[in-house]
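In the working numbering, the protein residues as written are 5 to 452. Glycine is no exception: its CB is placed at the ideal position from the N, C-alpha and C atoms. Since the model is a prediction, treat every value here as computed from it, not as a measurement. What follows is a set of notes on a single structure, which appears directly below.
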Amino acid sequence: VENLAKSFSSLYYAFSLYPSTHPKIRAGIDRIEIILKHFFHESDRITIGLIGTDLLFLAGELQRLEGSAEGLKHIFQMNGIEKIVLYSGITREEIADFFKSFAKTKEDMPGHPGRTFHRDSRWPHIVPGNFSSETVVENFEDGSGSLRPEEIRIVREYLEDARELVDQIRTNRLMEYRLAKEIVDHILNGIILENHAIPLVSQIKEHDEYTFTHMMNVSTLCLATGRVLGFPPPQLRELGIASLLHDTGKIRIPSEILQKKDRLTEDEFGIVKRHPAEGAAMLTQFRDIPDLAPIVAFEHHIRYDGSGYPVTYKDRRPHLCSRITAIADIFDALRTIRSYRSETSKVETFQIMSGIPLDPFLLNLFARISNLHPVGEMVRLDTGEIGIVHEINPRNPYRPRVKLLYDAENNKLNDQRIVNLTNFHKRENRYLRSIDSILTEEETRKLP
Ligand SMILES: [Fe+2]
Ligand SMILES: [Fe+2]
Numbered sequence: 005v006e007n008l009a010k011s012f013s014s015l016y017y018a019f020s021l022y023p024s025t026h027p028k029i030r031a032g033i034d035r036i037e038i039i040l041k042h043f044f045h046e047s048d049r050i051t052i053g054l055i056g057t058d059l060l061f062l063a064g065e066l067q068r069l070e071g072s073a074e075g076l077k078h079i080f081q082m083n084g085i086e087k088i089v090l091y092s093g094i095t096r097e098e099i100a101d102f103f104k105s106f107a108k109t110k111e112d113m114p115g116h117p118g119r120t121f122h123r124d125s126r127w128p129h130i131v132p133g134n135f136s137s138e139t140v141v142e143n144f145e146d147g148s149g150s151l152r153p154e155e156i157r158i159v160r161e162y163l164e165d166a167r168e169l170v171d172q173i174r175t176n177r178l179m180e181y182r183l184a185k186e187i188v189d190h191i192l193n194g195i196i197l198e199n200h201a202i203p204l205v206s207q208i209k210e211h212d213e214y215t216f217t218h219m220m221n222v223s224t225l226c227l228a229t230g231r232v233l234g235f236p237p238p239q240l241r242e243l244g245i246a247s248l249l250h251d252t253g254k255i256r257i258p259s260e261i262l263q264k265k266d267r268l269t270e271d272e273f274g275i276v277k278r279h280p281a282e283g284a285a286m287l288t289q290f291r292d293i294p295d296l297a298p299i300v301a302f303e304h305h306i307r308y309d310g311s312g313y314p315v316t317y318k319d320r321r322p323h324l325c326s327r328i329t330a331i332a333d334i335f336d337a338l339r340t341i342r343s344y345r346s347e348t349s350k351v352e353t354f355q356i357m358s359g360i361p362l363d364p365f366l367l368n369l370f371a372r373i374s375n376l377h378p379v380g381e382m383v384r385l386d387t388g389e390i391g392i393v394h395e396i397n398p399r400n401p402y403r404p405r406v407k408l409l410y411d412a413e414n415n416k417l418n419d420q421r422i423v424n425l426t427n428f429h430k431r432e433n434r435y436l437r438s439i440d441s442i443l444t445e446e447e448t449r450k451l452p
């Protein structure tokens, strides 16, 4: 991998310094040809991509280029490209033509820093470009026409699960029912269009049912977030598919580890930690899956401050869609009842999440979408008073306006005041009132 990166940048610079007939150029092409041949034994497609400031190399498996790749990184940045995909069948002539034009664009287009170096029929096996794909969603009536019978079966199963999910969302009042339904339809359309994702999703379902359900929930939550953020439909679709496939790498984790009830050993956790990179590598093998999918798979456990795993480097900020997925991922994991843990309440979930370095803006938005404190909810305040949520505060979902019903001694109040939980006691540096807990139905019934 390192040799390939080095050979790429030296050929690029050779073309900008010497005439095409120079022996250095011939030697450079020779070297690239040999290295590529080696990689094409394993995979018919090689992607070299710049994600953030990381240069990643994907051919069968995913690798990060460090140190030696600075030159190539610079070339990518200078030319405004994020990735180069190489397909097997590539010829010397294509390599020569490509690098010749690649190295020349700098002189040809002075003062155009934002330009992109495009694909060209002269080098059909080399596709430079950007990660945000420009694929247009076609209108389709029934995508099932092009599916094989086993694929149709999976789509049906998927549909059933999706309906169940919508019901679950309705009963948990997680979000508006209509929105949820629309979102599930969105994913479904996406998955039918993306024929290639279907066998993958079915493999996951067979490997670990929980992972499958989890991936669907996460996708739904991400789409809700994306919709509120105003993503246009093609981007929404990409977000839906990318978040759906975020845990694809778990196929490679033995199910004994995935389903283990006790604490994982350090070795086992090490295996679990490989799933983002493994998933990214798997997803790049599918031509029809959007490029966003391997990015989200790779980054969904990298925190807002660059911590988490895989360990990259400090201050690395993941892609917006990875940040959305990270939040939905943790939310769903905490909310799901597992054999070794009882349910975590929504309030507790958000308490835990606010202690994790997640994108603060997105987390706030997410609390709003998930209806953290819906109107009509009975809450106990830290003052001991009991009230009912009267109005949601769109700026701060943790601090709605509350109508006070009982005082701290459980006496019914005659004058039912509406208080704003954002009221702050400056001198004592604290909020006047905060929500302490949500009253259960039983507690509500027992009130005088
Ligand atoms: Fe994960
Ligand atoms: Fe996950």
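If we ignore side chains and look at the alpha-carbon of each, how far apart do A73 and G32 end up? Start at 1 with the first residue of the sequence shown, and residue 73 comes out as number 69. Start at 1 with the first residue of the sequence shown, and residue 32 comes out as number 28. In this structure, the CA atom of A73 is about 16 Å from the CA atom of G32.
Is DSSP giving T490 helix, strand or coil here? Because the chain spans 5 through 452 in this model, residue 490 falls outside it and cannot be assessed.
Suppose only complete runs of 3+ residues qualify. What are the beta strand (DSSP E) ranges in the region 224 to 287, listed by chain order? none
Going by the DSSP bridge assignment, what does Y410 pair with across the sheet? Position 406 of the sequence shown, counted from the start, is the residue given in the question as residue 410. Bridge partners of Y410: I390 and K416.
Report all residues from its chain with a CB closer than 8 Å to the CB of G11; omit the five preceding and five following residues, and keep chain order. The residue you call residue 11 lines up with position 7 of the sequence shown. According to the sequence provided, residue 11 is Ser. The question's Gly does not apply to it. Once the five neighbours on either side are set aside, the close Cβ partners of S11 are G32, R35, I36 and I39.
Closer than 5 Å from C-beta to any heavy atom of ligand 2: which residues, in chain order? D251 and D333
By DSSP, does P294 sit in helix, in strand, or in coil? Within the sequence shown, residue 294 is the residue found at index 290, counting from 1. In the structure shown, P294 sits in coil (DSSP, three-state: anything other than H, G, I, E or B).
Look at the alpha carbon of K407 and the alpha carbon of H377, and state the distance between them as a whole number of angstroms. The count along the sequence shown starts at 1 and reaches residue 407 at position 403. The count along the sequence shown starts at 1 and reaches residue 377 at position 373. The alpha-carbon atoms of K407 and H377 are separated by roughly 13 Å.
By the DSSP assignment, the beta strand (DSSP E) with L443 in it spans what residues? Taking the first residue of the sequence shown as position 1, residue 443 is located at position 439. Counting along the chain, L443 falls outside any beta strand (DSSP E), and DSSP gives it neither H nor E.
Closest by CA to T288, which one among E445, V383 and Y91? In the sequence shown, counting from the first residue as 1, residue 288 sits at position 284. Measuring from the Cα of T288, the nearest candidate turns out to be Y91.
Under the rule that 16 or more other beta-carbon atoms within 10 Å means buried, what is S148, buried or exposed? Here the question's residue 148 lines up with position 144 in the sequence shown. Per-residue confidence for S148 stands at a pLDDT of 35, beneath the threshold of 50, marking its modelled position as unreliable; no derived number is given.
Taking only heavy atoms of ligand 1 into account, decide whether any of them is closer than 8 Å to the Cβ of H323. The count along the sequence shown starts at 1 and reaches residue 323 at position 319. No.
From I261 to A107, what distance separates their C-alpha atoms? The residue labelled residue 261 in the question sits at position 257 within the sequence shown. The residue labelled residue 107 in the question sits at position 103 within the sequence shown. The alpha-carbon atoms of I261 and A107 are separated by roughly 49 Å.
Would you mind working out which of A371, M82, V222 and T252 sits nearest P298, comparing C-alpha positions? The residue given as residue 298 occupies position 294 in the sequence shown. Taking only the C-alpha atoms, the option nearest P298 is T252.
If distances are taken between C-alpha atoms only, which option among F302, A330 and N415 comes closest to P314? Indexing the sequence shown from 1 puts residue 314 at position 310. Nearest option by C-alpha distance: F302.
Beta-ladder partner(s) of N424, from DSSP: Locating residue 424 in the sequence shown gives position 420, where the first residue counts as 1. Per DSSP, R405.
Cα-Cα, which of Y17, L8, L62 and I52 is closest to G283? Here the question's residue 283 lines up with position 279 in the sequence shown. Checked all of Y17, L8, L62 and I52; the closest Cα to G283 is L62.
Residue environment, S150, which counts as buried when at least 16 other CB atoms sit within 10 Å: Stepping through the sequence shown from its first residue, residue 150 is reached at position 146. With a pLDDT of 43 at S150, under the threshold of 50, the modelled position of this residue cannot be trusted, and the question is left open.
DSSP three-state assignment for E303, whether helix, strand or coil: Position 299 of the sequence shown, counted from the first residue, corresponds to residue 303. Residue state, collapsed to three classes: helix.
Start and end residues, beta strand (DSSP E) containing I130: Locating residue 130 in the sequence shown gives position 126, counting from the first residue. Here the beta strand (DSSP E) through I130 covers I130 to G133.
Quick check on V300: buried or exposed, where buried means 16 or more other Cβ atoms within 10 Å of its Cβ? Residue mapping note: residue 300 aligns to position 296 of the sequence shown, counting from 1. Per the 10 Å Cβ criterion, buried.
Should E395 and P401 be called a contact, given that it needs their Cβ atoms to be closer than 9 Å? For the purposes of this step, residue 395 is taken as the residue at position 391 of the sequence shown. For the purposes of this step, residue 401 is taken as the residue at position 397 of the sequence shown. No; because the gap between Cβ atoms is not below 9 Å, this pair is not in contact.
Opposite I88 in the DSSP bridges: which residues? One-based indexing of the sequence shown puts residue 88 at position 84. The partner list for I88 (beta bridge, DSSP) reads I52 and P132.
DSSP on R449, reduced to helix/strand/coil? Position 445 of the sequence shown holds residue 449. For R449, the secondary structure class from DSSP, reduced to helix, strand or coil, is helix.
For V140, which residues in the same chain have their Cβ closer than 6 Å to its Cβ, ignoring the five residues on either side in sequence? The residue given as residue 140 occupies position 136 in the sequence shown. Because the pLDDT of V140 is 22, which lies under 50, any placement of that residue in the model is unreliable, and the question is left without a value.
Can you look up P23 in the DSSP assignment and give me helix, strand or coil? Looking up residue 23 in the sequence shown gives position 19. Residue state, collapsed to three classes: coil.
Separation of F428 from R434, as counted between CA atoms: Here residue 434 corresponds to residue number 430 of the sequence shown, with the count starting at 1. Here residue 428 corresponds to residue number 424 of the sequence shown, with the count starting at 1. Cα to Cα, R434 sits roughly 6 Å from F428.
Collapsed DSSP secondary structure at D112 in the structure displayed: Here residue 112 is taken as the residue at index 108 of the sequence shown, counted from 1. Here the model assigns D112 a pLDDT of 46, short of 50, so the residue's position is not dependable and the matter cannot be decided.
So, for E432: in the same chain, excluding its five sequence neighbours on each side, which residues have a beta-carbon less than 6 Å away from its beta-carbon? Counting from one through the sequence shown, the residue named residue 432 turns up at place 428. Excluding sequence neighbours, E432 sits near nothing in its chain.
To the nearest angstrom, report how far apart T217 and L225 are at their CA atoms. One-based indexing of the sequence shown puts residue 217 at position 213. One-based indexing of the sequence shown puts residue 225 at position 221. Each residue's Cα considered, the two are about 12 Å apart.
Name, in chain order, the residues that DSSP records as bridge partners for H429. Residue numbering aside, residue 429 sits at position 425 when the sequence shown is read from its first letter. DSSP, once it has assigned bridges, lists R434 as partnering H429.
Alpha carbon to alpha carbon, what distance is there between T348 and T426? Against the sequence shown, residue 426 aligns to sequence position 422. Against the sequence shown, residue 348 aligns to sequence position 344. Spanning the two alpha carbons is a distance of roughly 25 Å.
I29 and I88 look like a contact to me (Cβ under 8 Å); what is the Cβ gap, rounded to whole Å? Counting from 1 along the sequence shown, the entry for residue 29 is found at position 25. Counting from 1 along the sequence shown, the entry for residue 88 is found at position 84. The pair is not a contact, with the Cβ atoms about 19 Å apart (cut-off 8 Å).
Please report how far the alpha carbon of F44 lies from the alpha carbon of L8, in whole angstroms. Position 40 of the sequence shown, counted from the first residue, corresponds to residue 44. Position 4 of the sequence shown, counted from the first residue, corresponds to residue 8. If you take the alpha carbons of F44 and L8, they lie about 13 Å apart.
Separation of I208 from I390, as counted between CA atoms: Position 386 of the sequence shown, counted from the first residue, corresponds to residue 390. Position 204 of the sequence shown, counted from the first residue, corresponds to residue 208. Computed Cα separation, rounded: 46 Å.
Whole-angstrom Cβ separation of H459 and T329, contact assumed at under 8 Å? Here the chain comprises residues numbered 5 to 452, so residue 459 is not present and cannot be evaluated.
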